[in-house]
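Working notes, beginning with the structure itself.
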Amino acid sequence: MNTIQEIEQEQVAKLTEKKSIPKFSPGDTIRVNVKVVEGARERIQAFEGMCIGRKNNGLHSSFTVRKLSYGEGVERVFPVYSPNVESIEVIRRGDVRRAKLYYLRGRQGKRARVAERTDGYAAKLSAAERQQAADLKLAANAAQADAMGLEDSIAEDTVADKVDEETSSMELNETTEKKLLEDGVDKIDVSSADKKD
């Protein structure tokens with residue numbers, strides 16, 4: 540690997556620390572949130588459409604997104620690692636067999652549709668969505684446990700009271716044994732006394 544490639548890899552690693560770039564391919568419907576500067580104001584503008592091509596060229600990688608706006612096709616090319624690209628979200632996965640979908644430019648309406656990739660619901664979810672779903676499930680379980688915890692806390696209190704009573708009675712038995720030993724009397728075997736009756 541030459542020096543230029545090493546430097547580019549370092550820059551890519553630096554840029555991907557701050558934001559995560561999801562895996563997407565041509566045919567996927569994606570939403571690109573772009574920073575737009577208007578005078579002194581800065582805002583985020585979303586551009587949602589179908590990815591019709593992707594160029595992988597290290598630090599200079601880019602992708603093309605096409606959408607229909609009021610019946611007119613609009614295409615924008617975004618650099619993958621640009622600081623102006625705030626985030627990329629995959630809305631829908633497309634099932635295509637081409638790397639470049641330029642043929643969609645000549646099609647309109649139903650002909651311009653792309654079939655959705657259906658490889659299972661769990662496979663379509665991104666890692667972040669799966670984590671978010673797991674967090675929601677844990678929160679729901681915790682809330683349910685808290686709701687049931689009120690009933691359990693009453694039961695736990697009664698169990699704790701019984702344990703306290705048993706330990707105090709055991710302490711009393713130990714003190715009486717000590718007094719008997721001081722007086723010279725050996726331990727009394729209660730089990731043998733019960734058997735005689």
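Quick note: the sequence shown uses this note's numbering, first residue 540, plus one each step.
Beta carbons: idealized from backbone N, C-alpha and C, even for Gly.
None of the values given here were measured: they were computed from a predicted structure.
Rounded to the nearest angstrom, how far is the Cβ of residue i from that of residue j, given a contact under 8 Å?
i           : j           : result
residue 588 : residue 635 : With 8 Å as the limit, residue 588 and residue 635 do not qualify as a contact, their Cβ atoms being about 15 Å apart.
residue 570 : residue 628 : 4 Å
Measure the alpha-carbon distance for residue i versus residue j and round it to whole angstroms.
i           : j           : result
residue 647 : residue 555 : 36 Å
residue 638 : residue 547 : 24 Å
residue 601 : residue 669 : 27 Å
residue 613 : residue 596 : 24 Å
residue 559 : residue 626 : 8 Å
residue 655 : residue 687 : 43 Å
residue 578 : residue 681 : 48 Å
residue 553 : residue 685 : 43 Å
residue 622 : residue 679 : 37 Å
residue 667 : residue 563 : 14 Å
residue 649 : residue 674 : 39 Å
residue 620 : residue 657 : 29 Å
residue 677 : residue 683 : 10 Å
residue 641 : residue 609 : 20 Å
residue 580 : residue 540 : 43 Å
residue 645 : residue 561 : 29 Å
Does the distance between the C-beta of residue i and the nearest non-hydrogen atom of the ligand ZN fall short of 6 Å?
i           : result
residue 584 : This structure does not include the ligand ZN; it has no bound ligands of any sort.
Do residue i and residue j have their C-beta atoms closer together than 7 Å?
i           : j           : result
residue 582 : residue 573 : no
residue 586 : residue 632 : no
residue 550 : residue 598 : yes
residue 630 : residue 568 : yes
Report the option in the options whose CA atom is closest to the CA atom of residue i.
i           : options            : result
residue 591 : 653, 543, 685      : 653
residue 594 : 618, 643, 627      : 618
residue 607 : 598, 651, 627      : 651
residue 643 : 540, 557, 604, 584 : 604
residue 557 : 649, 672, 624, 674 : 624
Using DSSP bridges, identify the partner residues of residue i.
i           : result
residue 570 : 587, 628
residue 603 : 592, 616
residue 655 : 633
residue 611 : 608
residue 582 : 575
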